[in-house]
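Right, one structure below, let's go through it.
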Amino acid sequence: MHISSLDAYRPRTSLIHGLDARVKLVLAVLFIVATALTPEGAWPAYVLLAALALGVAVASQLGVGFVYRRSALALPFALAAVTVVFSTPGRPLLSTQVLGMKLALTGAGLVRFASIVLKSWLSMQMAVVLTGSTPFPALLQAMRSLHVPKILVAVARFTYRYLFVIGDEALRLMRARAARSGASEGRSGGSIFWRARVTGRLVGSLFLRSLERSERIYDAMVARGYDGEVRSLRSPALHSRDLLVACPFVLALAAIQLLARIRW
Amino acid sequence: MLASGILTSPAPMHIPDGFLSLAVSLLCWVLAAVGVGLALWRSGKALGERQVPLMGVLAAFIFAAQMLNFTVAGGTSGHLLGGALAAILVGPWAGILTVTTVVAIQALLFQDGGLLVMGANILNMGVIATLVGYGVYRGVMALARGQRWGMFAGGFVAAWASVVMASVATAVQLIFSGTSPAAVALPAMAGVHVLIGIGEGLITVGALAFVAVVRRDLVEPARAPAGGWRWAAVGLVLALAVSLLAPLASTHPDGLERVAEDLGFMGAAQDAPYQVIPDYVFPGISNQVLATIVAGLVGTLLVAGIAFAVARLRRRAVQGSVISD
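The listed protein sequences correspond, in order, to chains A and B.
Adding 1 to a residue's 1-based position in the first sequence gives its number in the working numbering.
Adding 5 to a residue's 1-based position in the second sequence gives its number in the working numbering.
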């Protein structure tokens, strides 16, 4: 099994895939900011944002199910927020006793919790479309154009390049461990400390392999003329198509924000 | 199953979008930028042109190392976060940059962590975890004065402290954003990560032991330059600062509002039977949170104090011997 199957990018010939990566990154972040700014309980605003996200997902040809499923991956984190249902002040709808403490479930708490979950899910949808429609190197190049420090982008590029190589190596280490471990069904061998130590040795081994690999890589780069300066091609100019998509999108976001504040 | 093991992050610390308020997100971006900027500057000076290939590959290593797991009990498994290990093996600045890169790639490529809140995630796992881990490690090494146990004890405590402090910082951000009440977020996050930190510590020690055997030159105590106490102080101050933010969170508007409502309505007879505010919230906030914080602080200082005292006693015991650093 290859770890490369985890790369989020899915090649398609859709409108979204054809947009400039810089535009997509900025629009995605604007959407997430707009979602964060939307007041709690402004349900029509959330519906409109969901519709906008759905529209973008459909236009990207990634598959609505794909987008919805991947964006739902973060929802378990919602458990961290669930207690807000009990702690937000307001008129109590339901009260229970848990471990000797009185807990009052409030309407305001439910509204806040639902808003948090919705914001998270909507933001994730946009992030999934962004990464699904943009090859990662293009995304990095977009970040470089937006003045993220050169070194950080260069390191990230390298990491992406070697992620799958070293990830495969880690998988091989685990397979080797499994092959050398005899264990009865459902039971793990040795004590937990021993197992942790063995894993530690796997990590140490992987570290040394990575370090030595990086030294070989560096030597190879120097042999090919690397002087510490990271150079990249200039990004192509924006198309009119990019602006044609960006402007209505931004206007829609602004309109939704206005709507949310005027009515609520 | 292997795939799901890869997709789930080692510890529930990657905050998704929507869980932090805009103000908290932006503040965390600023703090993270300061930390990362400092790291860029210092590691650039130290590594020069090796910087990019070395840190790129090491970041890939950290990412891959987080996939290496061991069975804890039943279906659960222990993983590595890697901040402390990175800092111990390649220094704090390179450590910050590598973990930051990992966090960014996890967010951008795998949606593990939000885009707007990436600043907070970088701050927690890239900056705080790494600096606290390194500070604790150098502190213990300074106490051990070059003895072998220093590396293992230091590695374990550093890894444990880095995970716990990162989780406390996460909890503080959730509290300030109003996403989670203080009485729940802090004990829950810190409590879970006190346990997860043990796994982190064990793996870190295992890795350090392995590297010490195969490539002694990478972890030799002599390699650590003087100034261990300064680093220990940095780590300790950072840890204390993060811990102390939590009581401030209890003056969050929610807490005050409730007090105001409580006092305001207490006298007037309301027709809707106003449920007396659950006792656990306001008094709970003062008691549980402060108790947790005080316990954490006392525990940290106690451990540090004991270690210091033991080191002093041992030094007195070998006063007349030839061995000195």
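Ideal Cβ placement from N, Cα and C applies to all residues, glycine included.
- According to the DSSP secondary-structure assignment, A/K103 is paired through a beta bridge with A/Q98.
- Each residue's CA atom was taken as its position, placing B/A166 and A/V223 some 39 Å apart.
- Residue B/A163 holds the alpha-carbon nearest to the alpha-carbon of B/A92 among B/A163, B/V169, B/L148 and B/A176.
- A/S211 is positioned such that its CB atom lies closer than 8 Å to that of B/L63.
- In its chain, beyond the 5 residues on either side, L141 have a beta carbon closer than 6 Å to the beta carbon of A/R158.
- Around the CB of B/W236, 16 or more other CB atoms lie within 10 Å, so the residue is classed as buried.
- If you check each beta-carbon in the segment 203–220 of chain B against every beta-carbon of chain A, the ones closer than 8 Å belong to G204, L207, I208, T209, V210, G211, A212, L213, A214, F215, V216, V219 and R220.
- In terms of CA proximity to A/G110, A/G42 leads the group A/R262, A/G42 and A/L254.
- Closest in C-alpha terms to A/L131, from the list B/L120, B/G124 and B/A134, comes B/L120.
- With contact defined as three or more Cβ pairs closer than 8 Å, the segment 167–177 of chain B and the segment 201–211 of chain B are in contact.
- Nearest CB-CB separation between A/R225 and chain B: not below the 8 Å threshold.
- Rounded to the nearest angstrom, the Cβ distance from A/F208 to B/V216 is 6 Å, consistent with a contact under 8 Å.
- Nearest CB-CB separation between B/L36 and chain A: not below the 8 Å threshold.
- If you draw a straight line from the Cα of A/G168 to the Cα of B/V107, it comes to about 13 Å.
- Of the residues A/R176, A/A82 and A/K25, the one whose Cα lies closest to the Cα of B/P186 is A/A82.
- In the DSSP assignment, B/S82 forms a beta bridge with B/T76.
- Between B/G61 and A/V156, the C-beta spacing is below 8 Å.
- Within 7 Å of the CB of A/I218, the CB atoms of chain B belong to P58 and V62, in sequence order along the chain.
- Of the candidates A/G183, A/F114, A/A197 and A/R214, A/R214 places its Cα closest to the Cα of A/T160.
- Listed in chain order, the alpha helix (DSSP H) runs fully inside the segment 45–119 of chain A are 65–72 and 85–88, counting runs of at least 4 residues.
- About 21 Å separates the beta carbon of B/S30 from that of B/L102, a gap too long to meet the 8 Å contact definition.
- Distance from the CA atom of A/A256 to the CA atom of A/F114, rounded to whole angstroms, is 24 Å.
- In the DSSP annotation of this structure, the continuous segment of the alpha helix (DSSP H) that includes A/Y163 starts and ends at K151 to A180.
- Here DSSP, grouped into helix, strand and coil, assigns A/I263 to helix.
- For A/I117, the neighbours in chain B by C-beta distance under 7 Å run, in chain order, G23, F24 and T184.
- In the three-state reduction of the DSSP assignment, B/F24 falls in the coil class.
- Taking 9 Å as the Cβ-Cβ cut-off, the segment 92–118 of chain B approaches chain A at L94, V95, L102, T103, T105, T106, V107, A109, I110, A112, L113, L114, F115, Q116, D117 and G118, given in chain order.
- B/G40 places its beta carbon less than 8 Å from that of B/V132.
- B/L27 has a beta carbon lying within less than 8 Å of a beta carbon in chain A.
- Neighbourhood of A/Y161 in chain B, by CB distance below 9 Å: G61, A65, I110 and L114, in chain order.
- Taking 8 Å as the cut-off, the beta carbon of A/G190 is found no closer than this to the beta carbon of A/R11.
- Here the alpha carbon of A/R196 sits roughly 42 Å from the alpha carbon of A/V30.
- A/G91 and A/G64 do not touch by the CB rule: their CB atoms are close to 40 Å apart, not below 8 Å.
- Legend: CB atoms of the segment 43–58 of chain B lying less than 8 Å from CB atoms of chain A belong to residues L45, G49, G53, E54, R55, Q56, V57 and P58.
- In the three-state reduction of the DSSP assignment, B/P97 falls in the helix class, which pools H, G and I.
- A/Y69 is positioned such that its CB atom lies no closer than 8 Å to that of B/L59.
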